[in-house]
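All remarks here apply to the structure that follows.
Numbering (this note's numbering), first residue to last: 2 to 117.
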């Protein structure tokens, strides 16, 4: 698997995607992990990928808003999702306990089921 992150404050990710992915896809046969938080960039990158891809990563840090954009894209392109156990909790967003991780995962499953 090749993990590709073109997101940078110093560059225009969506301008970099076509040139980079056209070269990448000609040179590799491994699955691609699209590593960005921008839904439009995710979809653009997936148009270049052959076979199954992976989207890295989404979480519930901003609520279900990102799910509403990314899950249908993943579904349309048959891409897998890497999901972090992070939620909107202003005190402790990152899940460290078994109970918090299970709760975050259950919320992710509910949110994902609603978007497909």
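Note that beta-carbon positions come from the ideal geometry of N, C-alpha and C, so glycine has one too.
*Whole angstroms is fine: what's the gap from residue 36's alpha carbon to residue 55's?*
8 Å
*Tell me which same chain residues have a C-beta within less than 8 Å of the C-beta of residue 39, skipping the five on either side of it?*
8, 14, 15
_Pairwise C-alpha distance: residue 33 and residue 50_ = 7 Å
*May I ask you to report which of helix, strand or coil DSSP gives residue 2?*
coil
_For residue 6, which residues in the same chain have their Cβ closer than 6 Å to its Cβ, ignoring the five residues on either side in sequence?_
36
*asked:* Closer than 8 Å is the cut-off here; do at least three beta carbon pairs connect the segment 71-81 with the segment 94-111?
replied: no
*asked:* I'd like to know whether the C-beta atoms of residue 94 and residue 62 end up nearer to each other than 8 Å.
replied: yes
*asked:* Quick check: residue 22 and residue 41, are their CB atoms within less than 8 Å of each other?
replied: no
*With respect to the beta strand (DSSP E) encompassing residue 36, which residues constitute its N-terminal and C-terminal limits?*
33-36
_Nearest-angstrom Cα separation, counted from residue 4 out to residue 30_ = 13 Å
_Nearest residue (CA-CA) to residue 53, options 70, 60, 74_ = 74
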